[in-house]
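Going down the list, the protein sequences come from chains B and Y.
Residue 195 in UniProt numbering sits at position 195 of the first sequence; the count goes up by one each step and never skips.
Residue 46 in UniProt numbering sits at position 46 of the second sequence; the count goes up by one each step and never skips.
Everything on this sheet refers to the single structure shown next.
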Amino acid sequence: MINTLIGDIGHAGVIVAFVAAIVSSYAYFMASRTKVELSGDDSWRKLGRWSFYVHSAAVMVIIFTLFNIIYEHRYEYYYAWSHSSNHLPVHYMVSSFWEGQEGSFLLWIFWHVVIGLLLIYSSQKKKVWEAPVMGMFSFVQLFLTSMILGVVIGDLKIGSSPFILMRDFMPDTPVFAMDPNFVPADGTGLNPLLQNIWMVIHPPTLFLGFAATLVPFAFAMAGLWKGKYSEWIKPALPWAHFAAVSLGMGIMMGAYWAYETLNFGGYWNWDPVENAVYIPWLVLVGAIHTMIAYNRGKSGLKASFILLIASFILILYATFLTRSGILGNASVHSFTDLGLSGQLFTYLAAFAVLSVALLIYRWKNIPTSEKELTTYSGEFWVFIGAIVLCLAAFQVLFTTSIPVYNSFLGFIGIESNAALPADQIAHYTKFQLWAGVAVAVLTGVGQLLWWRKGEKGTFVDAITLPGMLTLLFASLVIVLSKMGMLHETMDNPKFIILLVASLFAVFANLSIILSLLHKKVTLSGGAVAHMGIALMLLGILFSSGYDNIVSQNTSGLVYSREFPDEINRDNVLLWRNTPTDMDKYTVSYHGQFQEVIGVPGYVNRELLWPTADPYTSIARGQIKVGDKVYFEAGDTLEMYSPENTFYEVQYKEREGDKVFTLYPRAQVNPNMGLLASPDIKHFANKDLYTHVSSIPDPNEEKDWGELQEYDLAVGDTIILNDYIAVFNGIERVPQVPGVAMAEGDVAVQADLKIYGERKEYHAHPVMLIKNEMVGRIPEEIADLGLRLTFLSIDTENDKFKIGVNASQKDYIILKAVEKPFVNLLWIGTIVMTVGFVMAIVRRKEGKSMAKAKARPTVPQETRRQAA
Amino acid sequence: MKKTHIIGIMVIAVAIVIIMSSVGDASTYVSFGEAIERADDGDMTKVHVVGRLKKDDQGHIVGMNYDPLVDPNYFSFMLVDTNRYEQKVVYFNPKPQDFERSEQVVITGNMQNDVFVADKILLKCPSKYVETEIKDGKTASL
């Protein structure tokens, strides 16, 4: 029976949340007016606060109901049907919650609620900021909840509700005409690429970053509005750090997911969806730098305003890009278009106009510092750093927006056929490499000057040791690369410059960390974060600049005589059980494996007898790992994810005795074709990244050769497909898996032993007499490309007729790449995160210290409030 | 001149370089005819071509060639662009698995030796992510 109640509760929750956001933003707006503030009248602020509480409660109800719909498999709802399925484990139900646009909006709304409540709580004592900041929060929530409102007024559709019923979503489907209460028995499932642990934690982290970016923006807006042009920086700064670290971590989790799950061969593809988040992150980091510079030198206030406003608007722009469908052909993984582009554009335009207008209106009043920064002051270099970050962001923004220009020109009637650069990686690298060099040099120089208080003499002293270490290590790396550390000598001048710059950043920041250790550890947060960035740059340099395609194909140059040289031939065909030489390895493919619940690792498909239900199969033999037996023959097995096949690929070093096995995964998805995920062997100095790039089409019937018939007596030996086979006789079997045996039914199986290259195989083709009909269950030995059928029994002569078909052996096409020192990228990410956290702790301490100092100066405090 | 002015001028200069260079790198959607013209002019820049696969009356794809046993890194097919011009396309990679089912194909690359050498293939499959029909096999009334 259709449960409409739960959806109605959810939908009511959305409406309440929307209305409460309107009330809250209006009330907080009224409370922020100077007249109300001076009068000491608390009622508007209380109303705003309570409306926000109501809004928060409503949001919780929405989330609970939507999750309940997914968790209870209520497929009468479109959201559950299209994003989940019966067999989905609970942790992936969490990811199906935010697979759709509506759910991901909810996730964003949720973080705003959490942060908003935190801000209300922390402003209990100091009430100055609550009204204007929370007013901004509620105003944003108003827009976000409108996206999931799902209300239609005339022709105007506002928002897309996650609580829409199947029959309302596709009213034209005939089944609903027959039975309006029809409920599908299963959902269509979660996109298999998202069934990954990183996809459970990556979106929440990223949206936490999105949400946290609102805090410094709201403070900046409040500062402009209330004329507190500089006081907002202190409370906003820890939040800006927090936003930057969440965004940064979110981006890198996404990168790691792409590295582990997708097969384009890396962690970053310059896809517009990736760029869309990278751009605001760069600008936000730039804003943090100008804010810190203002804190120390009282210059850079205007820049801080501009950059914070820009970072928030760029977040909205990212939302617009990925959700409006404007990217079209340009991106492989933006959201499906829900027809919200108008609403998304309104959201973007409203905040862009509002904030820029306010900034222009107040521009003249923002205090500026008259003093010129000297070249030897840290602040000067911090500013240059912020500029570099913004230019890097601008470059990515300009190219990523190409589809937007097309749409815009089309909108005003000019046809444009501009496309993204054909070689995006080369295009972005051309600029971002130099941005990386500049950032690395500036972190070193800037940090040294910052802590040396800008004196020329001490600066030269400070830079000498890191500089010498840099040159020493850089030469060492180059020499080692010549001796075989990388597969080619480092002789590209661009890469050498990046190497030198990044090493310098590592050593310069390290020297600062060491000198600050005895003072106060948290002071060195900046240096730690910068060192993390430098390590990341090194990781990117080696893993992307010096990756080595192991599966370089050197044979089979049949077709392409026209293009002998410049074509990279990156894929190798591996026949099952036929070792092939690849680079320094001998590689062999040993068959298809699957995951069985309760068995560690993977189980060979030859041991599994499929049943009508893909999620259960029957063991054909003992399943054991090592010495431990997990299942006996005939046991019913539960499959973990039957659509996934794992291909066992064994690597053996030719010189040396290292052997390891990888299981790259592939899934043939009815909607998305072959989805291949790599398996990665991690070494200390490199990763070996292996994925299947093609397999024989599993939907195509195998091309079995002509049936060869053999009349055999017990003990006979025959040659099948070049393998020796011995016929051991027949035996009666009481049970045939998957067949219900009735009285009088007889099943007989033949037993043949076949000597393969690697092991012996037992083939048991079955002949079945059921209801006086003869049935035959052939046995297929995929390893050998053989299919055996038990044809008949000649009782007079004691001969047995066995039919044999031979086919082409199984194969996979494989690509393998070595990525040197990719670990440095992940280590750098962790170091950067630690640095950010230290900085947040420090800013919090700094704030409470400043508060403690500020307390005696009461007159100043009152003067501020009067302003 | 103050230092800020010098920096400002430099920022503007870099921004202009970025814009000019990005405009230069931007590719375009063209027809095969234009791609051939470009190649004849010696212009080896890579372009995007949108097209459909050539099919016979029964809906079978014509002119597709992929034999991994001979060469796993050679895949060729015929693409018909929006001007109904037919062109052989070569892709030095394994054949994308869902290639036959795609309705529209976007390729990037350029003309070399009278064939279009693609280095990227983007497939537009019918309902790649959004299912619009309920499959019969999966349904049951409750």
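Ideal Cβ placement from N, Cα and C applies to all residues, glycine included.
Check                                                                                                                                                                         : Outcome
Quick one: give me the first and last residue of the alpha helix (DSSP H) that Leu-541 (chain B) is part of.                                                                  : 525-545
Under a three-way DSSP split, which group does Asp-794 (chain B) fall into?                                                                                                   : strand
Kindly give me the distance between the Cβ atoms of Asp-751 (chain B) and Ile-730 (chain B), rounded to whole angstroms, as I take these residues to be in contact under 8 Å. : 7 Å
Whose C-beta lies closer than 8 Å to the C-beta of Leu-165 (chain B) among residues of the same chain, with five residues either side of it excluded?                         : Ile-2, Thr-4, Gly-7, Glu-76, Tyr-77, Tyr-78
Compare the Cα-Cα distances from Val-283 (chain B) to each of B:Ala-303, B:Gly-266, B:Ser-515 and report the closest residue.                                                 : B:Ala-303
Let's see if you can read the secondary structure: which residues bound the alpha helix (DSSP H) around Thr-65 (chain B)?                                                     : 43-71
Straight-line CA distance for Gly-621 (chain B) to Ile-402 (chain B)?                                                                                                         : 58 Å
Please state whether the Cβ-Cβ distance between Leu-503 (chain B) and Tyr-546 (chain B) is less than 7 Å.                                                                     : no
Mind checking the segment 13-38 of chain Y against chain B and listing, in chain order, the residues whose C-beta falls within less than 8 Å of any C-beta there?             : Val-14, Ala-15, Ile-18, Ile-19, Ser-21, Ser-22, Asp-25, Ala-26, Ser-27, Thr-28, Tyr-29, Val-30
Across which residues does DSSP place residue 875 (chain B) in a beta bridge pair?                                                                                            : Outside the shown range of chain B, which is 1 to 867, sits residue 875 (chain B), and nothing can be said about it.
Scan the segment 80-95 of chain Y for residues whose Cβ lies nearer than 8 Å to a Cβ of chain B and list them as they occur along the chain.                                  : Val-90, Phe-92, Asn-93, Pro-94, Lys-95
Say whether chain Y places a C-beta atom closer than 7 Å to the C-beta of Ser-693 (chain B).                                                                                  : yes
Which one of B:Ser-694, B:Phe-800, B:Leu-825, B:Thr-717 has the shortest CA to CA distance from Val-687 (chain B)?                                                            : Contrary to the premise, residue 687 (chain B) reads as Asp rather than Val in this sequence. Measuring from the Cα of Asp-687 (chain B), the nearest candidate turns out to be B:Leu-825.
Would you mind working out which of B:Asp-627, B:Thr-611, B:Phe-646 sits nearest Leu-637 (chain B), comparing C-alpha positions?                                              : B:Thr-611
Note down the Cα distance separating Thr-458 (chain B) from Leu-206 (chain B), rounded to an integer number of angstroms.                                                     : 41 Å
Any beta carbon from chain Y within less than 7 Å of Leu-573 (chain B)'s own beta carbon?                                                                                     : yes
Buried or exposed: Val-558 (chain B), going by 16 or more other Cβ atoms within 10 Å of its Cβ?                                                                               : At Val-558 (chain B), the pLDDT of 48 sits below 50, so the modelled position is not reliable and the matter cannot be decided from this model.
Residues in the segment 388-412 of chain B with C-beta within 8 Å of chain Y's C-beta atoms, listed in sequence order?                                                        : Leu-391, Phe-394, Gln-395, Phe-398, Thr-399, Ile-402
Opposite Ala-750 (chain B) in the DSSP bridges: which residues?                                                                                                               : B:Ile-730
Check distances from the C-beta atoms of the segment 595-619 of chain B to those of chain Y and list, in chain order, the residues that come in under 7 Å.                    : none
I'd like the span of the alpha helix (DSSP H) that includes Asn-669 (chain B), first residue to last.                                                                         : No alpha helix (DSSP H) contains Asn-669 (chain B), which is instead part of the beta strand (DSSP E) from 665-669.
Within 7 Å (strictly less), CB to CB, does Val-105 (chain Y) reach chain B?                                                                                                   : no
Using the Cα positions of Ser-43 (chain B) and Ser-407 (chain B), report the straight-line distance between them to the nearest angstrom.                                     : 48 Å
Apart from the five residues on each side of it in sequence, which residues of its chain come closer than 6 Å, Cβ to Cβ, to Phe-312 (chain B)?                                : Thr-213, Phe-217
Indicate the three-state DSSP secondary structure (helix, strand or coil) for Asn-110 (chain Y) in the structure shown.                                                       : strand
Report buried or exposed for Lys-127 (chain B), applying the criterion of at least 16 other Cβ atoms within 10 angstroms of its Cβ.                                           : exposed
For the candidate residues B:Glu-415, B:Leu-608, B:Val-396, B:Ser-377, whose alpha-carbon lies nearest to that of Ile-19 (chain Y)?                                           : B:Val-396
Kindly list, in the order they appear in chain Y, the residues whose Cβ is closer than 8 Å to that of His-427 (chain B).                                                      : Ser-22, Asp-25
What does Ile-7 (chain Y) touch in chain B if you count any residue whose Cβ is under 9 Å from its own?                                                                       : Phe-383, Ile-384, Ile-387
Can you check whether the C-beta of Gln-58 (chain Y) is within less than 7 Å of a C-beta belonging to chain B?                                                                : no
Here's the rule I'm using: 16 or more other beta-carbon atoms within 10 Å means buried, otherwise exposed. How should Ala-508 (chain B) be labelled?                          : buried
Would you mind stating whether Ile-549 (chain B) and Ser-694 (chain B) have Cβ atoms separated by less than 7 Å?                                                              : no
Beta carbons nearer than 9 Å to chain Y: which residues of the segment 521-554 of chain B have them?                                                                          : Asn-553
Checking contacts by CB at 7 Å: is Val-49 (chain Y) closer than that to chain B?                                                                                              : no
From what residue to what residue does the beta strand (DSSP E) around Tyr-347 (chain B) run?                                                                                 : Not the beta strand (DSSP E): Tyr-347 (chain B) falls in the alpha helix (DSSP H), residues 341-362.
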